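> In the numbering used here, the protein residues as written are 8 to 334. A virtual CB, placed ideally from N, CA and C, is assigned to each residue, including glycine. Note that the structure is a prediction, hence the values are computed from the model and not measured.
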Ligand code: PGA
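1. Would you say the beta carbon of residue 283 comes nearer than 6 Å to a heavy atom of ligand 1?
2. Going along the chain, which residues of its own chain have a beta-carbon closer than 6 Å to the beta-carbon of residue 204, five neighbours each way excluded?
3. For residue 145, which residues of its own chain have a beta-carbon under 6 Å away from its beta-carbon, when the five flanking residues on both sides are left out?
4. Per DSSP, what kind of secondary structure is residue 261 in: helix, strand or coil?
5. Of all the options 70, 194, 275, which has the alpha carbon lying nearest to the alpha carbon of residue 154?
6. Mark residue 68 as exposed unless 16 or more other C-beta atoms lie within 10 angstroms of its C-beta, in which case mark it buried.
7. Does the beta carbon of residue 150 fall short of 6 Å from some heavy atom of ligand 1?
8. Tell me which residues share the same chain as residue 295 and place their Cβ nearer than 7 Å to its Cβ, disregarding the 5 neighbours each side in the sequence.
9. Would the beta-carbon of residue 91 fall within 7 Å of that of residue 74?
10. Based on the DSSP output, what are the partners of residue 90 in its beta bridges?
11. Please name the residue or residues paired with residue 167 in a DSSP beta bridge.
12. When the distance is taken between beta carbons, is residue 57 closer than 7 Å to residue 287?
13. Tell me which same chain residues have a C-beta within less than 7 Å of the C-beta of residue 131, skipping the five on either side of it?
14. For residue 81, tell me which candidate among 106, 59, 230 has the shortest Cα-Cα distance.
15. Does residue 325 come out as helix, strand or coil in the three-state DSSP assignment?
16. Checking the sheet assignment: what are the DSSP bridge partners for residue 115?
17. Can you list, in chain order, the stretches of the beta strand (DSSP E) that have 3 or more residues and sit fully within the region 60-85?
See the structure below:
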């Protein structure tokens, strides 16, 4: 399981070398001349995802876009997924191979039967889909999907052995009335009802915090605002599942993410990736977002040790962020 491979408990002693062991507790020998500060942190592999929505218009254009995007994938890339319209799923899977995960933008909660226009979780699984979005704000508003319906979608996906990105977020009015945390709490608690700790630990659930006022508006939340809500979301998840499990869940930010804003957002300790709409429709823009470049100071580099064998730079940079946030 990709997430568990990279969801690693790390121990850091300032100024010491850093050990990294996937899926296990990793200890670090403390050096007496350094500050005696030891902190356990969880590392989460960045997850960069694109949501094509009702785009592009033709299969030919979908092939072209996927062909451009996949060129940006390197062995050092974070986890990358594209959520594409149903008719393009298999074609785009063929274009990107195993370099990018191709997911679906929604699912019908029922498994089969008289539900005209529906697409079930078993259907998606049968064509090799692993990840599916649930609760996107456009579906909450345009299709009137309720928290109960979204929860049924999540449960259907989990029952079918698929994975879900649960999208949550407040409206502008709610944001202005300081209700972001409260709205996220309701949507998290209702959306994830009935999903077990074991499923979360298996890395089969990610959260996308997408303030409605930032989606498709060009008004990206500042890294500070996003971090604040992500932190609150993790507190809510800790309340639901315990701190250890909450620390393993990847929480992505979505809402007007662009090549200009991605680096600042991904610098923040609780922002583990992005759900990108408009900018995922350009190979160049999405390629830059995939290859985000959090600024890492020389001091942080020194603490992290730069060239840890077997680690992807994205992971090393995430760790550097954590170090900065801790000290
Ligand atoms: P946007 O869309 O990046 O175009 O704001 C994000 C989303 O709706 O997931």
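Per the coordinate set shown:
1. For ligand 1, at least one heavy atom lies less than 6 Å from the Cβ of residue 283.
2. Cβ within range, chain order: 248, 252.
3. Once the five neighbours on either side are set aside, residue 145 has no close Cβ partner at all.
4. It is a strand residue.
5. In terms of CA proximity to residue 154, 194 leads the group 70, 194, 275.
6. Per the 10 Å Cβ criterion, exposed.
7. Taking the Cβ of residue 150 as the reference point, every heavy atom of ligand 1 lies at 6 Å or farther away.
8. Here the set comprises 266.
9. Contact: no.
10. Residue 90 pairs with 58, 110.
11. Beta-bridge pairing links residue 167 to no other residue.
12. Yes, the pair counts as a contact, with Cβ atoms nearer than the cut-off.
13. Only 111, 114, 139, 169 meet the Cβ criterion.
14. Nearest C-alpha to residue 81: 106.
15. Low local confidence applies: a pLDDT of 49 at residue 325 is under 50, so the model's placement there is unreliable, with the coordinate-based value given in what follows. In the three-state reduction of the DSSP assignment, residue 325 falls in the helix class.
16. For residue 115, which the question treats as bridged, DSSP gives the partners 127.
17. List check, beta strand (DSSP E) in window: nothing returned.
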